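Numbering (the working numbering), first residue to last: 39 to 187.
From the three backbone atoms N, C-alpha and C, an ideal C-beta is built for every residue, glycine too.
Since the model is a prediction, treat every value here as computed from it, not as a measurement.
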């Protein structure tokens, strides 16, 4: 776990230390990595916290916030374009959070709880096995919104 935290915190420093090259990472890829990575870190952090691993969970929660702050600082675009980040982040959150949280907790990937308002809403819809497909469609929309940034 310490290696994961080290990688998440020090890769940006290593990338800056390298000499300048002509190759640059496309803007949508940066946005997908930062927004999606933030959701992934938060889901793992919540799962670890619920399993009792509070120290690493706090570190991953901080990494999640750090990715969102990095995105906010990095995204120096026109005024209307940052609004595309809102549906992109929400799409990534809907598509990725629950499956990653469930995997971290050792639950089935398609498990839906019964305690939160979100869980109750999903249970009312009752998508069954179509939930994974629905999440894939929403992830596709998230990537589309990210490309629109």
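- Task: Entirely within the region 69 to 136 and at least 4 residues each: give me those alpha helix (DSSP H) ranges in chain order.
- Result: With a minimum length of 4 residues, the continuous alpha helix (DSSP H) runs that stay inside the region 69 to 136 are 92 to 112.
- Rounded to whole angstroms, what's the CA-CA distance from residue 101 to residue 73? Just pull it up for me. Going from the Cα of residue 101 to the Cα of residue 73 covers about 12 Å.
- Query: Beta carbon of residue 126, beta carbon of residue 183: below 8 Å?
  - Reply: Yes, they are a contact pair.
- Task: Using the Cα positions of residue 61 and residue 150, report the straight-line distance between them to the nearest angstrom.
- Result: Their backbone Cα atoms lie some 43 Å apart in a straight line.
- Of all the options 156, 67, 141, which has the alpha carbon lying nearest to the alpha carbon of residue 86? Among 156, 67, 141, the Cα nearest to that of residue 86 belongs to 141.
- Just the C-alpha distance for residue 106 and residue 124, rounded to the nearest angstrom, thanks. Roughly 11 Å between the two C-alpha positions.
- Quick one: measure Cβ to Cβ for residue 82 and residue 138, integer angstroms, because I've assumed they're closer than 8 Å. Their Cβ separation, rounded to whole angstroms, is 6 Å, which keeps residue 82 and residue 138 in contact under 8 Å.
- With a CB to CB cut of under 6 Å and the five nearest residues on each side skipped, what residues in its chain are close to residue 214? Nothing about residue 214 can be reported from this structure: the residues present for the chain run from 39 to 187 only.
- Length of the line joining the Cα atoms of residue 136 and residue 97: Straight through space, the alpha carbons of residue 97 and residue 136 are spaced by roughly 20 Å.
- Item | Residue from 178, 175, 177, 148 with nearest C-alpha to residue 164 | Closest by alpha carbon: 148.
- Query: Alpha carbon to alpha carbon, how far is residue 186 from residue 80?
  - Reply: Between the C-alpha atoms of residue 186 and residue 80 there is a straight-line separation of about 24 Å.
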